[in-house]
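Take the position in the sequence shown, starting the count at 1, then add 455; the result is the number in the working numbering. Input: a single structure, listed below in structure tokens.
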Amino acid sequence: MRTGVSVASPIENGLFWLQPLKPIQLPFFYNRETGLLEPDIISQSGSMFLNTMYSICLFPRITKPSRITASCATLIDNIFSNDTENKTVNGLLINEISDHLPVFTVYDNSYVNHKLHFSMGYRRIKTETSINAFKTELLEHNWDVIYQKETVDEAYDYFLRIFGSMYDKHCPVKKFKEKIKYFHCPWITKGLQNACKKKNTLYKNYLKKRTKEAEIKYKKYKNKLTQIIRTCKKEYYGKLLEENKSNIKKTWGILNTILRKGNKEDSYPKYFISKSEEIDQREEIAKRFNDFFVNVGPELEKQIPDPGTFRKDVQMLIDRNPSSMFLNPVTENEILKTVRGMKGKLSTDVNGIDMALVKTVISGILKPLEYIFNLSFQTGSFPNQMKIAKVIPLYKTGNKHHFTNYRPVSMLPQLSKILEKIFITRLNSFIEKHKILDEGQYGFRSNRSTSLALMNVIENITNAIDNKKHVIGVFIDLKKAFDTINHCILIHKLDRYGIRGLVLDWIRSYLSNRKQFVKVDGACSQCLDIVCGVPQGSVLGPILFIIYINDLFQVSNKLRLVLFADDTNVFCDGDDLQQLIEIVKKEMEKLKLWFDVNKLSLNLSKTKMMLFGHHKGKNIDIDMHINGVKLERIYENKFLGVIIDDKLTWKAHISYIQAKLSRSISVLNKAKLVLDHKSLHMLYCTLVLPYFSYCVEVWGNNYKTTLHSLSILQKRAIRIIHKVSYLEHTNKLFIESKLLKFYDLVEYCTAQIIFKAKNNLLPTNIQRLFITKEEKYNFREKDTFVIHKARTNKKRFCVSICGVKLWNRTSKCLKQCPNIKEFKYRYRKMIMDKYVQIQKNTECQHL
């Protein structure tokens, strides 16, 4: 039994030693959703302690209260470990020898000796020489037969046969079995292997002669070799991280290789459970997955109630657009530009083609693709071979043996993505020209982002609070929204918006006769038809979805809607709370009817509501029922990746970031033993910086006391990547790394918003918040904005006020930058010059 906090750490033989520390009472609780021990939100000291332990890679093993009384249950007996793979068995013993329950941990010290590793399977043999030969043959091939085909399916099928046969000829698929002696040490080159043999020879020679000269020679060679191996290891992983710096999945894969020991577990379990039946055959598992994914949409659609006579009223919300969309011809240069702008991913489609290959050989297939794409637009037909999707199940959360805990990752043919992107450029041009989409839709649109959507919401809420009004927010949850889209309803809406004729035929062809199959560990299911929903993993699908849901804005003129794709949020304000509740209830019933008519499944049990403001909100009983289901009232909610609370203090979000940063810092702490400064700097930009910068212009303009903990964590991370002591001054480290301090990062991101406002680059909903003095008073101060009056600090912290104050005191040189890229460069340079000046002043004081 331990009565206090203890730190557990494995030593060489796999056992634990326990070092008692000063007892601290920490009111922790076990979060069933995350599976983590978390501090009570009212305990600031507990939160700081736990985050500190996380940041030094020590994780709590005891996650349930160890002292239970009639009035409270607390966890004051702890064991922390640096085991990151959960190889320990932990718990409490029910024993009455004390009022504290004994705690224990059992560590699995089994050791697996990986002497040899065999890499087996099938793979395509691709070398630079073979790819160049493939590209040359494509350039020399006569494609005249394709130009004689009258239908797009015939032309594309012939193209695929020729392309596939050449690909197989130059890059054949072969079975291989490769013995890798240094599988777990890939940085060990042939030269290092020979050096290791020489070291062993010197050691044997030393044991044989037992002379001082032999000992010195062996140790000198051994120390030099150890240093070289460590350097090679750092260079190897540094190069890997540099090559994959834009791929977060591969970055984490590399980190797991560095930080974890032993083989990674299989991605899928050995068996799955369906209706109490265990299934272990991979072909059957793939079939069950495919059945589940294909039927999700139709099954949800059956559960949606029939709106009856109200259907026509809801369907007439869209005014008919007299203009129609036309498709311009496709050119070779357009195809080339489109392909060059796509990421060179290595994931293969149903034809075994990856985008990296397409980007390499695109010049050899430009002419046949130009003919096929133009034929597709001219006939209003989308090639059937482009409609087959390969689906990979990806684990989400919960029991790994249940099909329902996986989501589909769909991989469509690579060439279909090119055709979709070319179509989207024409569609977006038509949408923007005729202003079809509502300003409240921020998803999948140019010059719009989650930070702008969040800013729009916060500005509206703080305006109402500043005017002493009540604000109610409803966060709507839709079940599988992309999977339940009704094709007939979508076609009807597109026609009303002006997408008709051949263009509408093309979209109808694009949606119909789609098929998919599932691949699990090399086993593939049969293809099944997809009868509803927009194609998963497609480029065009999200745009069609936001067009489908666009007329939702016309349902109510009292509610303010902010959408990011299917993330639907409703806000309404008023002077009288009870009257406001009735208005929201009545308008929500209209929205529910719209969702039913449009075959979208509204999940009322997961739809939440929040009352914003500094009134005595917790003592107010809000009873809001929609279709007999009471909406749950919450006091904080994750909104577009940011935790928003009813008082707009952002404390919950900052605590969330603290926990995330602490875990990221623990990764840096472990990786610093293996990686060099450059690689650690890149990891900081990948694992730490995104938490600081995401929507920081909205929540980062806050009291410094509230943000101080984040500044401390940033400095801790900077010291780690520079491998200096924990008391080292950080100003010079920020200069060397060319990184911004947290408070300056907030101003840097805020200033960018105002620059966009100055150049009229923001959405209309946000642009109207910023008024130049020239517009209002006809003064000459054309680069200065009007500062709005505010009653509350919540409003003063908004970008429309604090951002304007920041901009008005900014130098003219910055205000007159020609573009956002130049502005960012100059603003960052201004901040870095300030750091340099601070460093000079500090050094002068020491002298």
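We put the CB at the ideal spot given by N, CA and C, even for glycine. A quick note: this is a predicted structure, and the numbers were derived from the prediction, not measured.
- Query: Going along the chain, which residues of its own chain have a beta-carbon closer than 7 Å to the beta-carbon of F614, five neighbours each way excluded?
  - Reply: Within the sequence shown, numbered from 1, the residue matching residue 614 stands at position 159. Counting only residues of its own chain and dropping the five nearest sequence neighbours on each side, F614 has a CB closer than 7 Å to the CB of I601, P823 and I827.
- Task: Assign T681 to one of three DSSP states: helix, strand, or coil.
- Result: Position 226 of the sequence shown, counted from the first residue, corresponds to residue 681. DSSP places T681 in helix when its eight states are reduced to three.
- In or out: P641 buried (at least 16 other Cβ within 10 Å) or exposed? Your numbering for residue 641 matches position 186 in the sequence shown. Residue burial is scored here from C-beta neighbours: P641 has fewer than 16 other C-beta atoms within 10 angstroms and is therefore classed as exposed.
- Message: Suppose the cutoff is 6 Å on Cβ atoms and the five residues either side in sequence are ignored; what does the same chain contact list for S1180 look like?
- Response: For this step, residue 1180 is matched to residue 725 along the sequence shown. Nothing listed; no residue qualifies.
- Task: Give a yes or no on whether the C-beta atoms belonging to S831 and V607 are separated by under 8 Å.
- Result: Translated into positions along the sequence shown, residue 831 becomes position 376. Translated into positions along the sequence shown, residue 607 becomes position 152. Yes, Cβ-Cβ distance for S831 and V607 is below 8 Å.
- Can you tell me which of the three DSSP states R1174 falls into? What you label residue 1174 is simply residue 719 of the sequence shown in a count that begins at 1. Correct three-state label for R1174: helix.
- Query: According to the neighbour-count rule (16 or more other Cβ atoms, all chains shown, within 10 Å of its Cβ), is D1006 buried or exposed?
  - Reply: By one-based count along the sequence shown, residue 1006 stands at place 551. Under this definition D1006 is a buried residue.
- The beta strand (DSSP E) spanning G546 covers which residue range? As a first step, residue 546 is located in the sequence shown; it is residue number 91 there, counting from the start. Counting along the chain, the beta strand (DSSP E) containing G546 begins and ends at T543 to L547.
- Query: What is the C-beta distance between E1152 and C1204, in whole angstroms, given that I count them as a contact (C-beta under 8 Å)?
  - Reply: Start at 1 with the first residue of the sequence shown, and residue 1152 comes out as number 697. Start at 1 with the first residue of the sequence shown, and residue 1204 comes out as number 749. Under the criterion of beta carbons closer than 8 Å, E1152 and C1204 qualify as touching, at roughly 4 Å.
- Task: Go through its chain and collect everything with a Cβ distance to K1267's Cβ below 8 Å, but skip five positions before and after it.
- Result: The sequence position of residue 1267 within the sequence shown is 812, counting from 1. Excluding residues within five positions, the ones whose Cβ falls inside 8 Å are D1238.
- For my contact list, G835 and S731 are in at a C-beta cut-off of 8 Å; report their separation, rounded to the angstrom. Here residue 835 is taken as the residue at index 380 of the sequence shown, counted from 1. Here residue 731 is taken as the residue at index 276 of the sequence shown, counted from 1. G835 to S731, Cβ: 49 Å. No contact.
- Note down the Cα distance separating K667 from N655, rounded to an integer number of angstroms. The residue given as residue 667 occupies position 212 in the sequence shown. The residue given as residue 655 occupies position 200 in the sequence shown. Distance between the alpha carbons of K667 and N655: 17 Å.
- In angstroms, rounded to a whole number, what distance separates the CA positions of L1066 and V994? Within the sequence shown, residue 1066 is the residue found at index 611, counting from 1. Within the sequence shown, residue 994 is the residue found at index 539, counting from 1. Approximately 37 Å between the Cα atoms of the pair.
- Task: Can you grab the Cα-Cα spacing for the pair D495 / Y1090, in whole Å?
- Result: Here the question's residue 495 lines up with position 40 in the sequence shown. Here the question's residue 1090 lines up with position 635 in the sequence shown. Any reading at D495 must be qualified, since the residue scores a pLDDT of 48, below 50, and its modelled position is unreliable; the value itself is stated next. D495 and Y1090 have their C-alpha atoms roughly 15 Å apart.
- Query: Looking at C-alpha atoms only, which residue of A1020, T1185, V846 and G895 is the closest neighbour of I1221?
  - Reply: On the sequence shown, residue 1221 is found 766 positions in, with the first residue counted as 1. Comparing Cα-Cα distances from I1221 to each of A1020, T1185, V846 and G895, the minimum goes to G895.
- From this set, I820, N1215 and L782, which residue's C-alpha is nearest L791's C-alpha? Here residue 791 corresponds to residue number 336 of the sequence shown, with the count starting at 1. When only C-alpha atoms are compared, the closest one is I820.
- Message: So, with DSSP's three-state summary, where would you put V856?
- Response: For this step, residue 856 is matched to residue 401 along the sequence shown. Looking at the sequence shown, residue 856 is not Val but His. In the displayed model, H856 falls within coil according to three-state DSSP, outside both helix and strand.
- Message: Measuring only the C-alpha atoms, how far is L945 from N911?
- Response: Within the sequence shown, numbered from 1, the residue matching residue 945 stands at position 490. Within the sequence shown, numbered from 1, the residue matching residue 911 stands at position 456. Answer to the nearest angstrom: the Cα atoms are 28 Å apart.
- Item | N1220: first and last residue of the uninterrupted alpha helix (DSSP H) it sits in | As a position in the sequence shown, residue 1220 is number 765, starting the count at 1. First-last of the alpha helix (DSSP H) with N1220: T1219 to Q1222.
- Message: Taking the alpha helix (DSSP H) that Y861 belongs to, which residues open and close that run?
- Response: By one-based count along the sequence shown, residue 861 stands at place 406. Annotation: Y861 is outside any alpha helix (DSSP H); the continuous beta strand (DSSP E) that includes it extends over Y861 to M866.
- Item | Beta-bridge partners of E605, as assigned by DSSP | Stepping through the sequence shown from its first residue, residue 605 is reached at position 150. According to DSSP, residue pairing for E605 in a beta bridge does not occur.
- Which residues DSSP lists as bridging N1024, in chain order: Locating residue 1024 in the sequence shown gives position 569, counting from the first residue. DSSP, once it has assigned bridges, lists F930 and V1017 as partnering N1024.
- Task: Look at V1097 and K1045 and say whether their C-beta atoms are less than 8 Å apart.
- Result: Reading the sequence shown from its first residue, position 642 is the one you call residue 1097. Reading the sequence shown from its first residue, position 590 is the one you call residue 1045. No, the Cβ-Cβ distance between V1097 and K1045 is not below 8 Å.
- Grab me the residues of I586's own chain with a C-beta within less than 8 Å of its C-beta, minus the 5 sequence neighbours each way, in chain order. Against the sequence shown, residue 586 aligns to sequence position 131. These residues qualify, in order along the chain: H625, C626, L812, T815 and V816.
- Are three or more beta carbon pairs between the segment 1286-1296 and the segment 1174-1194 nearer than 8 Å? Contact check between the segment 1286-1296 and the segment 1174-1194: three or more CB pairs, one atom from each, fall below 8 Å, which counts as touching.
- Query: Taking the alpha-carbon positions, what's the M456 to L547 distance?
  - Reply: On the sequence shown, residue 456 is found 1 positions in, with the first residue counted as 1. On the sequence shown, residue 547 is found 92 positions in, with the first residue counted as 1. Caution applies to M456, whose pLDDT of 33 falls short of 50 and renders its modelled position unreliable; the model cannot decide the point.
- Those residues which DSSP pairs with S729 across a bridge: Translated into the one-based positions of the sequence shown, residue 729 becomes position 274. Per DSSP, E732.
- For C527, does the count of other Cβ atoms within 10 angstroms reach 16, so buried, or fall short, so exposed? As a first step, residue 527 is located in the sequence shown; it is residue number 72 there, counting from the start. Per the 10 Å Cβ criterion, exposed.
- Through-space distance from E698 to L1095, alpha-carbon basis: By one-based count along the sequence shown, residue 1095 stands at place 640. By one-based count along the sequence shown, residue 698 stands at place 243. Rounded to the nearest whole angstrom, the C-alpha separation of L1095 and E698 is 30 Å.
- Message: On the DSSP bridge list, what partners appear for P848?
- Response: Looking up residue 848 in the sequence shown gives position 393. Answer is P863.
- Task: Could you check the C-alpha separation between T543 and C512 for me, to the nearest Å?
- Result: Locating residue 543 in the sequence shown gives position 88, where the first residue counts as 1. Locating residue 512 in the sequence shown gives position 57, where the first residue counts as 1. So the two alpha carbons sit approximately 15 Å from each other.
- Span of the beta strand (DSSP E), counted from its first residue to its last, around M1065: As a position in the sequence shown, residue 1065 is number 610, starting the count at 1. Per DSSP, M1065 is one residue of the beta strand (DSSP E) stretching across K1063 to F1067.
- Item | Environment of E1202 [buried if 16+ CB atoms lie within 10 Å] | Within the sequence shown, residue 1202 is the residue found at index 747, counting from 1. Within a 10 Å sphere around the beta-carbon of E1202 sit 16 or more other beta-carbons, which makes this residue buried.
- Query: Just the Cα atoms here: how many angstroms apart are R737 and L1130?
  - Reply: The sequence position of residue 737 within the sequence shown is 282, counting from 1. The sequence position of residue 1130 within the sequence shown is 675, counting from 1. Rounded to the nearest whole angstrom, the C-alpha separation of R737 and L1130 is 39 Å.
- Query: Can you name, in chain order, every residue of its own chain whose Cβ lies under 6 Å from the Cβ of C1299, other than the five neighbours on each side?
  - Reply: Walking along the sequence shown from the start, residue 1299 turns up at place 844. Apart from the 5 residues on each side of it in sequence, C1299 has no Cβ closer than 6 Å to any other Cβ in its chain.
- Query: Should T793 go down as buried or exposed, given a rule of 16 or more other Cβ atoms within 10 Å for buried?
  - Reply: The sequence position of residue 793 within the sequence shown is 338, counting from 1. Per the 10 Å Cβ criterion, buried.
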